[in-house]
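Presented below is the structure to which this report refers.
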Amino acid sequence: MPLMPGAEPYHHEAGQIGVLLCHGFTGTPQSLRPWGEHLAAHGVSVSLPRQPGHGTTWQEMNRTRWEDWYAELEKAFEDLRGRCAEVFVAGLSLGGCLALRLAEVHGAAVRGLVLVNPSIANDVPLLKLAPLLKWFVASVPGVANDVKKPGVAELAYRRTPVRAAATLPGLWSLVQADLAKVVQPVLVFHSADDHVVKPTSVAIIRQRVPQATIEELTDSYHVATLDNDADRIFAGSLDFIRTHASVPLQRD
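Terminal number for the sequence shown in full-length UniProt numbering: 252, no gaps in between.
Below you can see the structure in the form of structure tokens.
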């Protein structure tokens, strides 16, 4: 299946600190590539895979489920573990949820988490109907490209594949049930004005992951990694890595 131009994965080999970046639902590595390039420029080994069903067609994505996306990220995580002394995991939106799942499963092997507008709760009425709708409707209007900055666009599907979306409640329930297993340092960037993910997800993290530091973004919408606060996310995540890594970055 041909890729959408710009949807290619991104990898950079650098020092002993690795970061796995997880893009969001119906999105592509494009939404996180500037973040990955910033980290790479400061001596971080970066893995930004393309999750199955993403970056091609929404019809293909309808043949995948959350377990497929997680499996691809877990494979990339294990690869980083084999090459780096320590690995951090970061994610946008549903990628933040998948990052949390990696931390729940792998424990101390995940050195820390950076989450941008994470989605861990079923708080969209239409998605609550997805398990039923999937038998009657193949897709609904998309939720991508929620960016405030003029002239910037997220590379993502314009339609939401309903069969794929119908698998999300199971992931959200699983991640919420195991949040007590997240003991790593956590940094959360939360857009005050987000038209995709409601505040419920961050409220749950605030309540149930007490070590999480939550920073509010005041000049970005949902895809904050491409928006006006992107530089703040990039710098803040790099500082977070420097603080919590036990070995220095290659270029520090």
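Even for Gly, the Cβ is constructed at its ideal location relative to N, Cα and C.
Quick one: measure Cβ to Cβ for residue 201 and residue 221, integer angstroms, because I've assumed they're closer than 8 Å.
That belief does not hold up - the Cβ atoms of residue 201 and residue 221 are roughly 15 Å apart, past 8 Å.
Which value, in whole angstroms, describes the spacing of the CA atoms of residue 54 and residue 100?
20 Å
Can you list the beta strand (DSSP E) stretches of 3 or more residues lying completely in the stretch 81 to 153, in chain order?
86 to 92, 110 to 116, 139 to 141
Residue 247 versus 199, 72, 84, residue with shortest Cα-Cα distance
84
Taking three-plus beta-carbon pairs below 8 Å as touching, is the stretch 6 to 15 in contact with the stretch 40 to 47?
yes
How would you label residue 210, buried or exposed, when you count the other beta carbons within 10 angstroms and need 16 or more for buried?
exposed
In terms of alpha-carbon separation, which member of 170, 56, 183 lies closest to residue 4?
56
Kindly indicate which three-state DSSP category residue 54 falls into: helix, strand or coil?
coil
Buried versus exposed, by CB contacts within 10 Å (16 or more), residue 75:
exposed
Residue 218 burial status per 10 Å Cβ neighbour count (16 or more: buried)
exposed
What's the C-alpha gap between residue 120 and residue 98?
9 Å
Taking residue 80 and residue 23 to be in contact with their CB atoms under 8 Å, please state how far apart those CB atoms are, rounded to whole angstroms.
Their Cβ separation, rounded to whole angstroms, is 16 Å, which puts residue 80 and residue 23 out of contact at 8 Å.
Same chain, Cβ closer than 8 Å to residue 104, five either side skipped, listed in chain order:
175, 178, 179, 181, 182
Does the distance from the CB of residue 90 to the CB of residue 184 come in under 9 Å?
no
So, with DSSP's three-state summary, where would you put residue 25?
coil
Could you check the C-alpha separation between residue 169 and residue 207 for me, to the nearest Å?
20 Å
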